[in-house]
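Numbering (our numbering), first residue to last: 31 to 132.
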């Protein structure tokens with residue numbers, strides 16, 4: 031094995047480790063944002079009148095989650111499939127917004 035190929039293997043291994051960490055970090059962030067959206071939805075339901083401030087917060091969180099999940103879908107399609115990133119995107123990013131509009 032040449033020196034150049036050894037360096038390439040080490041770099042590839044480091045990139046793989048960093049991307050695995052990054053993907054796991056994104057999944058953790060997505061779960062936290064989903065929990066935040068669930069909490070905001072519960073808070074909204076508990077109020078007799080719709081609160082525009084809660085809707086604004088939910089929209090901001092939804093946008094963050096949408097960016098995060100779409101980035102995950104593009105960067106690691108296999109893990110995205112295993113973690114149901116597409117279903118989670120629809121459920122949390124689009125269905126919630128559609129319910130707000132109704």
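Quick reminder that beta carbons are idealized off the backbone N, C-alpha and C, glycines included.
Quiz item: Would you call residue 75 buried or exposed, if buried means 16 or more other Cβ atoms sit within 10 Å of its Cβ?
Solution: exposed
Quiz item: CB residue 104 to CB residue 63, shorter than 8 Å?
Solution: no
Quiz item: How many angstroms separate the CA atom of residue 93 from the CA atom of residue 68?
Solution: 14 Å
Quiz item: So, are the CB atoms of residue 70 and residue 56 less than 8 Å apart?
Solution: no
Exercise. Return the residue from the list 60, 108, 82 and 109 that minimises the CA-CA distance to residue 123.
Key: 60
Quiz item: First and last residue of the alpha helix (DSSP H) that includes residue 96?
Solution: 82 to 105
Quiz prompt | Environment of residue 102 [buried if 16+ CB atoms lie within 10 Å] | solution = buried
Quiz item: Out of curiosity, what's the CA-to-CA distance linking residue 112 and residue 77?
Solution: 36 Å
Exercise. Have a look at residue 58 and residue 100 and give me their C-alpha separation to the nearest angstrom.
Key: 15 Å
Quiz item: Below 8 Å between beta carbons: does that hold for residue 119 and residue 53?
Solution: no
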